[in-house]
Amino acid sequence: MTASAPETAGKPARGFRIDLKTAGPLLALALLVLLGITLNENFFTYNNLTNVLARSSFIGIIAIGATFVITAGGLDLSVGSMAAVIAGVMIMVMNWLIPSLGIGWSVVLAGMLAGILLGGVAGVFNGMMITRGRIEAFIVTLGTMGIFRSLVTFLANGGTLSLNFQVADVYRPVYYDGLLGVPYPIIVFAVVAIAGEIVMRRTTFGRHCAAIGSNEQVARYSSINVDNVRLLTYILQGVLVGVAVLLYVPRLGSASSTTGVLWELEAIAGVIIGGTMLKGGHGRVWGTVVGVVILGLIGNILNLQSLISPYLNGAFQGVIIILAVLLQRGRRNG
Amino acid sequence: MTASAPETAGKPARGFRIDLKTAGPLLALALLVLLGITLNENFFTYNNLTNVLARSSFIGIIAIGATFVITAGGLDLSVGSMAAVIAGVMIMVMNWLIPSLGIGWSVVLAGMLAGILLGGVAGVFNGMMITRGRIEAFIVTLGTMGIFRSLVTFLANGGTLSLNFQVADVYRPVYYDGLLGVPYPIIVFAVVAIAGEIVMRRTTFGRHCAAIGSNEQVARYSSINVDNVRLLTYILQGVLVGVAVLLYVPRLGSASSTTGVLWELEAIAGVIIGGTMLKGGHGRVWGTVVGVVILGLIGNILNLQSLISPYLNGAFQGVIIILAVLLQRGRRNG
Amino acid sequence: MSSAEGTSASAILSASRISKSFGEIPVLFSIDFDIKPGEVHAIIGENGAGKSTLIKILSGFEQPTSGSISYDGKVVTLPPNGGAEAMGIVLIHQELNLAEHLTVADSIFLGRELKKFGFLDVAEMRRRAAEVMQTLHVNVDPDARINTLSVADKQMVEIAKAISRDARVLVMDEPTAVLSVGETQTLFEQIRRLTARGVAVIFISHKLDEIMELARRVTVLRDGQLIATVGTEALTPDSIAQMMVGRELSNLYPPKHEPDVDAPLVLSVHNLVAKGVKDVSFDLRKGEILGFAGLIGSGRTAVAEAIVGLSHRDSGAIEVEGQPANFTQVAQSVDAGLAYMTKDRKGKGLLLNMGLRPNLTLLTLKKHLKGGFLDPSSEEKALERAVRRFDIRARDATVAVGRLSGGNQQKLMLGKTMETEPDIIIMDEPTRGIDVGTKQQIYHIIAALAAEGKSIIVISSEMQEVIGLSHRVVVMREGRLAGVLEGAEITEGEIMRYAAGIKQSGHNDRISA
Amino acid sequence: DKVTIGVSVPAATHGWTGGVNYFAQQAIDRLSTTYPNVDFVFASAPDSPKQIADIEDMVATRNIDALVILPGDPDAMTSAIKQVKDGGKFVTVVDRQLSINGVENLYVAGDNPGLGANAAAYFKEVLPEGGNIVILRGLPIPIDQQRFDGFMGGIEGTKLNVLAHEFANWNRDDGFKVMQDFLTRFPDIKGVWTQDDDISLGAIEAIRQAGRENDMFVVGGAGMQQILQRVAAGDKLTPVDVSYSPAMIATAIELTTAHLVSNVQVSGRYILDSTLITKDNAARFLDADSPF
Ligand SMILES: Nc1ncnc2c1ncn2[C@@H]1O[C@H](COP(=O)(O)OP(=O)(O)OP(=O)(O)O)[C@@H](O)[C@H]1O
Ligand SMILES: Nc1ncnc2c1ncn2[C@@H]1O[C@H](COP(=O)(O)OP(=O)(O)OP(=O)(O)O)[C@@H](O)[C@H]1O
Ligand SMILES: [Mg+2]
Ligand SMILES: [Mg+2]
């Protein structure tokens, strides 16, 4: 999809061009905020904006993991189902530990640990199948998407797994409280984003992800352990799904077979809107953050107005997504 | 995702190795059939097999279109929603034409024409946005996926669009009858598959698709009009979605916002299971047919047995999908 | 190992009785090879002789089927995939080996990034990258992405990458194939600097004069067999060629037939302005071979791509056979009988994952239609013809093109271009990576085409080639025509003077025969 | 002065929720004209996080005074709804019971277990000797489980033999597929319980295709017009249906509006019974304008 190679000269790539490409998602975001402000006076309030950011944090954290997977030329369709199964298991673990640990933070912490561990294990599984089994990532994660989804349905016996209410009350603040008025989910999201940006830009791992996604053979010939790096991206993705679920469980206090449905699509969309290339080779964590926030704002803005029939929400969403990307891509031809 | 170059030897690629890679999906299919036979005596009956094939025909025809799109390095996530909107519009057109054309084949034919046209138009829209707008295919078709889905919900007022009962009776045989005992959907599926295989292998268009998917730059330097060929793949995809809907509407005579949900995933899965590479450059239409039939049989087999809890259907599906691909890929390392 | 340790004559790296087969196809037969510190040891041989395979084995990228490798006197098994770099064995691959999305600095340090406090030391890497590029006199921003560079600049990045490593053995597989004289000389300076420090250099090239200039010893391979290892002082280019090809190589260049001064113009370019091209005008006559010389980045490729419609033209007019020709699609130029062969065979010329047949016919599928459908047997016949005509040696006809030796890929690309039966052919580095024997064949083919009345533009960085083939030579400099040479003016010195900007023809001369 | 009522329902992902959306919209249109000083904010959500987001937005940006909500997954929504209630809003919960008692001011309930039990009672009645039946379930979510448990409880102790049950995802196409395969698998089926009319419509086509219309009957649920017409016409394949009207959302909106506008005190539970629809009473349920 990229334009032909000789188009840009070797040198002056810095000034104008890069700025526009970089600014693309930010521009879309700014326009969306402007739209929100004109539609409703309450849009640009602290309350509303923290609401939107806090609830974007699950997808956001997952999408940051997806940025690495995609940058390294992979794909993970299983994240939504994985989130569901992690949430389910976390809840079961916590409920099960109550008799021995009592109601309190120790149960919650044990549950959190279990969630992150399970995420890592799921990531290892995906990653091993892809790197050692040499099966196309699309197929592996489509498969595990079904497997994880089934598993949570099975564990919940077709119903809902609910966290013990007293434990839920202990855990609740993790979503609803915050530091200096900033809700914890936003803080965690920010921390993960900043860490992700640094890892992507300032560590060998990030550099190697881009190299692998750009040209696997070259990466291999540069004595990069392609399989290990790629495996690591899936593990990172799994752990970040775990982190996202840590924030999700106190919000809903339950998990069912419908938890996390289509999150994978939303996460990937956030990544691509943010300017990461689906074919790999180039990833931008901060872009992903912007992409996810754009997606979050679309839903919020739809709720601010009564002009568009709710039946057409999806259409509005679709148009905005296309426009957001058009803003950064369209200039190319100009 | 491919293994490194030196891994495979240069020559004896023909004999053993290629046969295995080629046979992969067929082997998986054979094993699945065997499983079906052992699980239920009614599995290998003419009735059951035609049932499965007939109901796989929609996805099958759509997946054949997707084979071209993917071979040329593209992606179309909108096919399921597109099918829904085409079905909805077809039904509305037919209902609306009854007063002028009366109950009969003329109404049905007009509806069919409308369906195919609309498919083509939708394909042109997707294709133009991707080739002329230079927006990533994933984003464009994710956007139109939402737009089309919204549109059908809007048209159906959130409910179901039902074809007039008398027209439905005229149209019904298109799904339920057949020629010499072979249901029409299977015949159409077969015709589209054979035509698709010929187009892929024996026409410049097919060759150009593979060239573009393999290396767009080389294709451009080889005087291939990359944009036009790519546009054509999306149009072909749209038209084939139209054809699939022609067979879908007479089955139940209705369309709603749930029509075609997740068909895109199923179609892409069928394509990949069949041995087409998601990154483009190599497509196999017959493989797609096998892949889609495998997916159809999985569902059928699950319904024919009671060993697996229905909660675990998805897990079974996931495992089979991974195994099917493992069968063709795994040998590489051996 | 006690024998020759410590003495200056002892080999740093040596191979003993190395054989290699890919699957059942043998490629190397019991080769002995060694290199000493501070020495340049060249490997030459026909296309497909096994040179690249041998040095890949010597640097760990391939494992030998049998035989052993010693490093510093000890028998070793070299780690795969460039792991041998840590031991001091550095290879520049024949095919460009750069990730297109990375920057120059990223690429130079890929796999051995510099770190500070556990994080990448981006500033230091950029600084050092700039430094190496400086020593190579390459004017490329370390932050430029690889996909914005020309092939030659990419090659220079590869060289920079290699010399910036702490190499004890530096292996170079045809590093000069896309370089022009200036860059080649810069490279040689660097090689001499390194050998003076005791670095051992293995050097592969099809340019025999380079071998003569640089190497102390030469190993000749033919069909995977070791023919000889000899000192260069005892050799002449002719005797090397004799050993390589196994026959006498007289007349590398065919005699030039007299160009017809009254022949009609088949291509006229007026005041062409495009990316990298500033106001270029020239004519091409029927039956003429027009050489294009110039330094890297002087805009020769840019002119060709603008003519055939591969890149956007800002202004200027082009006429083909007297008709205005404003091609916006390559297909239009091909239909008008004008074909362009790229020099970037890997990135723009060939579909590496496909076989020979689909590659050969990709430009000309229309010719192979029968009743509207492709006829594989007709394609197969075309392939047989091309294999014969261009001496394409694939030990297995179904192999993916990416596995052919570099020179054979080049020949296939020539075949592909000639399939269009063009009246005007623009060849960009037509003999890039081609052995002398085949080069001679190709030169004869070019001359024969011209004699038939076809018109040919040869863009080449090999000055001898331009001189030996062309009736006239256009020299470009910084996107403009610096001068046009004819007849006896066509000498290396003249070309260099124009190319380097020492001499300049009158501004905006109308240059025609 | 101005009053704002938020209405939050699940997205129209199948016939019944489609009906909910339709009837909610209808009620809103009707009440907006009757009471010009009442504003409605309507949102439908495909999943719980989105539904929670919707009600958060209603509180934060639209200053609602009351919330009418049909929670897609009541367990997941409970604490979010409780927050709205704690914020001093009037809360009406529709159809699905929250996992904490006493959160809502008003509960307009459908009767999911009753839907299953009613169907079971009918099966018991027409198949007193017992017989083979198959069940096409919805999605693996709690409502489905409640209906299923209600049905299984109802047929306990009878000779009715459930051959198999599979999920048909409240979807016509899946109803068709699953039924086709059940027909392949079982030569003797006396009755089919689909618990939803969308699924029934698919199943019916499969039965017609197999030519086994006379061997069995189908009982669905929810009262979709296409099924009701068949019931009214005395179709032997669909002799009855079990009501579970999506119009309950309209009732809830009306009651809530009445409470806010005219200060009629409404609170407590309104259970809308799930009743058996037969040829005789079908006319009562028919509504030509309903898209459901
Ligand atoms: N990975 C591979 N698989 C199969 N055959 C291979 C592979 N690599 C090289 N070959 C074959 O080995 C032979 C030697 O190739 P090699 O690249 O060593 O030749 P070369 O001497 O470097 O030629 P050139 O001058 O054209 O670069 C060729 O016939 C080539 O097709
Ligand atoms: N499309 C383009 N956009 C911007 N700059 C370009 C473009 N094409 C070429 N250039 C620049 O124009 C100059 C001429 O490049 P070109 O590759 O044509 O030179 P050349 O004489 O063929 O050199 P080489 O020896 O590398 O083939 C270079 O500086 C190159 O970077
Ligand atoms: Mg070579
Ligand atoms: Mg050039």
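Residue numbers (my numbering), protein chains in the order written: chain A, 69 to 402; chain B, 69 to 402; chain C, 2 to 514; chain D, 7 to 298.
From the three backbone atoms N, C-alpha and C, an ideal C-beta is built for every residue, glycine too.
As the structure is a computational prediction, the values presented were derived from the model and not from experiment.
Excluding the five sequence neighbours on either side, which residues of its own chain have a C-beta within less than 6 Å of the C-beta of residue i, listed in chain order?
i, result
"residue 191 of chain A", "302, 303, 305, 306"
"residue 289 of chain C", "260, 456, 472"
"residue 299 of chain A", "195, 199"
If residue i and residue j are in contact, beta carbons under 8 Å, what's the gap, nearest whole angstrom?
i, j, result
"residue 126 of chain B", "residue 316 of chain B", "5 Å"
"residue 84 of chain D", "residue 54 of chain D", "Between residue 54 of chain D and residue 84 of chain D the Cβ distance is about 10 Å, and since that is not below 8 Å, they are no contact."
"residue 201 of chain C", "residue 231 of chain C", "No, residue 201 of chain C and residue 231 of chain C are not in contact; Cβ-Cβ is about 18 Å, not under 8 Å."
"residue 515 of chain C", "residue 444 of chain C", "This structure does not reach residue 515 of chain C, given that chain C is present from 2 up to 514, and the question cannot be answered."
"residue 91 of chain C", "residue 163 of chain C", "5 Å"
"residue 47 of chain D", "residue 10 of chain D", "6 Å"
"residue 204 of chain B", "residue 376 of chain A", "Rounded, the Cβ-Cβ distance is 26 Å, inconsistent with contact."
"residue 386 of chain A", "residue 130 of chain B", "So it is not a contact: roughly 20 Å between Cβ atoms."
Are there any heavy atoms of ligand 1 lying less than 7 Å away from the beta-carbon of residue i, as far as the coordinates show?
i, result
"residue 26 of chain C", "yes"
"residue 52 of chain C", "yes"
"residue 156 of chain C", "no"
"residue 198 of chain C", "no"
"residue 229 of chain A", "no"
"residue 16 of chain C", "no"
"residue 172 of chain C", "no"
"residue 23 of chain C", "yes"
For residue i, I'd like the list of residues in its chain whose CB is within less than 8 Å of its CB, leaving aside the five on either flank, ordered along the chain.
i, result
"residue 145 of chain C", "104, 105"
"residue 94 of chain B", "358"
"residue 226 of chain B", "325"
"residue 224 of chain B", "156, 323, 324, 325"
"residue 242 of chain D", "219, 220, 223"
Closer than 7 Å to a non-hydrogen atom of ligand 3 - does that hold for the CB of residue i?
i, result
"residue 224 of chain C", "no"
"residue 124 of chain B", "no"
"residue 60 of chain C", "no"
Spatial neighbours of residue i within its chain, please: C-beta separation below 7 Å, excluding the five flanking residues on both sides.
i, result
"residue 382 of chain B", "none"
"residue 282 of chain A", "348, 349"
"residue 22 of chain C", "28, 66"
Residues in the segment 159–183 of chain A with C-beta within 9 Å of chain B's C-beta atoms, listed in sequence order?
none
Contact residues within the segment 91–107 of chain B, judged by C-beta distance below 9 Å to chain C
none
Identify each residue in the segment 50–74 of chain D for which the Cβ-Cβ distance to at least one residue of chain A is less than 8 Å, and report them in chain order.
50, 52, 53, 54, 55, 56, 58, 59, 60, 62, 63, 64, 66, 67, 68, 69
Length at least 4, wholly inside the segment 120–204 of chain B: the alpha helix (DSSP H) runs in chain order
147–169, 173–199
Quick check on the DSSP output: what are the complete beta strand (DSSP E) runs of length 3 or more inside the segment 183–215 of chain D, in order along the chain?
197–199
Unbroken beta strand (DSSP E) runs of length 3 or more, entirely within the segment 400–470 of chain C: which are they?
425–429, 456–460
Going along the segment 142–164 of chain C in order, which residues come within less than 8 Å of chain B, judged by CB to CB distance?
none
Near-chain A residues of the segment 376–387 of chain B - C-beta to any C-beta below 7 Å
377, 379, 380, 381, 382, 383, 385, 386, 387
Runs of beta strand (DSSP E) wholly within the segment 156–231 of chain C (minimum 3 residues, chain order):
170–174, 201–205, 218–223
Give me the subset of the segment 326–351 of chain B whose CB atoms are less than 7 Å from a CB atom of chain C, sorted by chain position.
349
Return the residues of the segment 214–225 of chain A that lie within a Cβ-Cβ distance of less than 7 Å from chain B, sorted by chain order.
214, 215, 217, 218, 219, 221, 222
What beta strand (DSSP E) runs, 3 residues minimum, are completely inside the segment 35–112 of chain C?
41–46, 67–72, 75–77, 90–93
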